[in-house]
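Report on the structure given below.
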Amino acid sequence: MKENKLNQQVNSEDTEIVTSSGMDLGEKERAGSFFQQDNEIRFTRSLLNGVDILGTQEALKQYPEFREYLGKNFRLLGKAYPQDTEGGYFIRVKKGQTVALPVQTCLFLKARGFNQKVHNLIIVEEGAKVYLITGCSASKAAHEAFHLGISEFFLQKNSYLNFTMIHSWKEDISVKPMSIAVLDEGATFISNYVCLKPVKEIVMYPTAILRGQGARASFNSLILSHPGSLQDIGSRVVCQAENTQAEIISRAVSLGGKIIARGHLKAENKNTKAHLECHGLILSEKGCISAIPELETDYRDVDLSHEAAIGKIRKEEIDYLCARGFSEEQAQSVIIRGFMDVDILGLPELLRKEIDELEQKTLKGSL
Amino acid sequence: MIKIKNLSVEVSGRTILKDIQLDIPKGQILVLFGPNGSGKTTLIRSIMGFSGYQIHRGEVLFKGKNLLALSLEERVRLGLGIMYQHPPKIRGVKLHQIARHLCKDENKIRELAERLDLKDHLDRDINLDFSGGEMKRSELFQLILQDADFLLLDEPESGVDLENISLMGKALNDFLGQKEKSALIITHTGHILDYLKAERGCVLMDGKLWCMGDPKEIFQNIRTLGYEHCKVCHERK
């Protein structure tokens with residue numbers, strides 16, 4: 003199962019697709035990798051002692067003490083989750099470890115009509131810090147396939163996780179990620195989501211529970227919706243402990259598809275602060291964006307806010323750029339690319355640059 | 015360089031400019047005064063070719079070409095440049111990105127950004143959270159990089175402190191003077207006149223041009239006698 007080179011595990015006809023979801027197949031600037039095709043885990047490797055990267059089932063065999071983690075966050079919220087999963091990744095960053103280069107994982111759909119169901123466990127131990135980039139994509143042959151990704155994040159005291167998920171599907175793929183993160187005292191969870199390629203349907207509502215004092219979570223999304231796509235995408239943060247902070251920022255552009263941008267911020271303790279921001283651009287008559295923000299609290303000493311704006315590109319902005327020598331077409335493209343600015347994602351420079359390049363390439367092809 | 019003949023302009027069905035006649039030769043600066051709502055910005059924006067300004071009648075010739083038949087983009091290519099009074103904020107579009115589109119010489123961009131105290135603004139979203147002075151410096155920065163031949167400046171000094179007016183005034187004067195550029199400048203405060211060699215000024219009121227003469231003299235009269243005097247003075251003449 004485990005060859006010593008990641009690029010040998012990806013069929014040559016799929017290389018471009020896998021790369022477009024953020025995977026560095028040469029592993030030059032990665033601290034470790036995981037690659038699963040359909041239900042087969044084809045590659046796992048950690049390049050650092052302080053980081054375990056394994057398939058979930060194998061990890062739970064090797065480390066029985068982590069078995070209780072499977073479904074733990076769902077039980078905490080009293081939520082059911084599918085049990086019939088095969089594969090998924092287990093990533094554990096040991097206490098105090100700082101992992102400078104990103105860890106990468108890829109969940110790839112290859113076979114026609116395949117139902118991929120994975121369960122991922124991500125454990126960041128006390129004081130540890132890690133960047134994780136997950137690419138989800140589908141081969142040209144994977145018609146009418148389905149991906150269900152359950153992810154449970156455990157952020158222990160004062161840990162830091164910067165998680166970036168890039169969805170690079172195609173028009174006949176349906177996707178349902180289910181994620182719950184639980185943060186202990188002083189932990190930080192930054193979750194970035196990028197979806198620029200067509201997809202049939204995505205329904206997701208990842209949740210972060212800030213149960214330790216001073217914990218902080220932010221969800222940032224860049225969504226491009228193609229004709230025929232339905233993307234029902236939300237984020238929820240529950241500020242359970244005092245002095246916790248949350249932020250949800252989304253930028254949605256519809257080229258003709260339907261986007262439902264949800265957001266839910268709940269303050270269950272005093273001195274909590276949370277902000278929700280959704281901006282949408284509709285570039286086609288057939289496009290549709292619904293922004294559904296929810297703020298909820300029983301407490302007085304909280305600061306919850308939201309702002310949402312949806313519309314077409316302002317003529318004034320196009321005129322301004324035209325007055326600087328851009329053609330009208332160039333001006334529109336510059337505005338859309340700027341609107342989908344990767345700077346809203348809380349990324350380290352290396353990933354920022356990589357994702358910016360991916361985005362520019364995809365947008366250029368789409369607009 | 016620019017000749018305006020009998021120009022009448024409507025905005026949302028209302029006539030704003032009536033039979034404007036104006037001639038600004040190469041190397042000349044014309045200062046445009048006028049009370050709020052008199053049509054100064056409409057004149058500048060109509061010359062530039064922005065949407066929403068219906069040319070009812072008249073002609074505008076620039077470098078011998080009929081400007082009104084050209085798109086905004088074509089007018090820019092021909093050498094028209096504008097400095098906005100209230101430029102829009104555009105999220106995610108960086109000042110540096112626009113600068114690079116206007117000028118391929120990165121050294122020139124850096125040097126000018128340094129001179130106009132905009133080094134730290136290059137990587138920021140254009141006009142987003144810029145102060146009034148920063149916006150105006152950024153507008154001037156873009157205009158100089160564009161190397162336009164005819165500059166339309168809409169209140170370049172409004173919202174700018176005296177120190178920055180001096181910084182901008184000197185940079186603008188150097189640019190205009192070096193290359194025999196022409197400009198049409200709207201001003202309310204007159205501060206910019208301290209830095210430029212402007213030979214002519216005129217007053218626009220009720221959509222018409224009322225007076226033509228030495229800009230400093232006109233400005234002094236407006237300060238002491240008000241705009242209404244311009245009408246009286248005009249009628250006397």
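Order-wise, the sequence lines are chains A and B.
Okay, so the first sequence: first residue is 3 according to my numbering, each after it adds one.
Okay, so the second sequence: first residue is 15 according to my numbering, each after it adds one.
Cβ coordinates follow ideal geometry from the N, Cα and C atoms, glycine included.
So what does residue i bridge to, in DSSP terms?
i: A/Asp54; result: A/Arg94
i: A/Ala376; result: Outside the shown range of chain A (3 to 369) lies residue 376 of chain A, about which nothing can therefore be said.
i: A/Tyr162; result: A/Lys131 and A/Thr190
i: A/Ser153; result: A/Asn122 and A/Ser181
i: A/Phe110; result: A/Gln39 and A/Ser139
i: A/Gln233; result: A/Ile204 and A/Ile261
i: A/Gln247; result: A/Arg218 and A/Lys275
i: A/Tyr195; result: A/Met167 and A/Ser223
i: B/Arg71; result: B/Ser22
Under a three-way DSSP split, which group does residue i fall into?
i: B/Lys19; result: strand
i: A/His281; result: strand
i: A/Tyr71; result: helix
i: A/Arg44; result: strand
i: B/Ser65; result: coil
i: A/Glu298; result: strand
i: B/Ile30; result: strand
i: B/Leu136; result: coil
i: B/Asn121; result: helix
i: B/Met149; result: helix
i: B/Leu223; result: strand
i: B/Glu242; result: helix
i: A/Phe328; result: coil
i: A/Gly24; result: coil
i: A/Ile175; result: coil
i: B/Arg214; result: strand
i: B/Asn178; result: helix
i: B/Lys108; result: strand
i: A/His308; result: strand
i: A/Asn9; result: helix
i: A/Val239; result: strand
i: A/Val101; result: coil
i: A/Arg253; result: strand
i: B/Gln35; result: strand
i: B/Ile43; result: strand
i: B/Asn141; result: coil
i: A/Phe116; result: coil
i: B/Ser196; result: strand
i: B/Ala113; result: helix
Can you give the Cα-Cα distance for residue i and residue j, rounded to whole angstroms?
i: A/Gly370; j: A/Glu173; result: As shown, chain A starts at 3 and ends at 369. That puts residue 370 of chain A outside it, with no answer to give.
i: B/Met149; j: A/Ala311; result: 24 Å
i: A/Ser237; j: A/His277; result: 12 Å
i: A/Leu347; j: B/Phe189; result: 40 Å
i: B/Glu87; j: B/Gly93; result: 10 Å
i: B/Gly123; j: B/Leu157; result: The question names Gly, yet the displayed sequence has Ile at residue 123 of chain B. Computed Cα separation, rounded: 12 Å.
i: B/Met62; j: B/Phe76; result: 11 Å
i: B/Ser26; j: B/Ser52; result: 16 Å
i: A/Gln99; j: A/Gln38; result: 26 Å
i: A/Asn122; j: A/Gly90; result: 5 Å
i: A/Asn6; j: A/Thr58; result: 20 Å
i: A/Thr17; j: A/His228; result: 23 Å
i: B/Val246; j: A/Ala254; result: 58 Å
i: B/Arg114; j: A/Val196; result: 27 Å
i: A/Glu296; j: A/His308; result: 8 Å
i: A/Val101; j: A/Ala82; result: 33 Å
i: A/Ala217; j: A/Gly282; result: 29 Å
i: B/Arg129; j: A/Ile250; result: 39 Å
If you measure from the beta carbon of residue i to each beta carbon in chain C, is any gap under 8 Å?
i: B/Met149; result: Of the protein chains in the structure, A and B, none is chain C.
How about residue i and residue j: do their beta carbons lie closer than 8 Å?
i: B/Met97; j: B/Leu165; result: yes
i: A/Leu185; j: A/Leu226; result: no
i: A/Val159; j: A/Ala189; result: Just to set this straight, residue 159 of chain A is Lys in the shown sequence, not Val. Their beta carbons are under 8 Å apart, which means A/Lys159 touches A/Ala189 by this criterion.
i: B/Lys133; j: B/Ala127; result: yes
i: A/Thr107; j: A/Thr87; result: no
i: B/Lys17; j: B/Gly72; result: no
i: A/Ser35; j: A/Leu8; result: yes
i: B/Leu31; j: B/Gly221; result: yes
i: B/Thr201; j: B/Glu171; result: yes
i: A/Lys272; j: A/Val239; result: no
i: B/Ile140; j: B/Lys108; result: yes
i: B/Val217; j: B/Phe47; result: yes
i: B/His110; j: B/Leu136; result: yes
i: B/Gln99; j: A/Gly327; result: no
i: B/Gly41; j: B/Ser152; result: no
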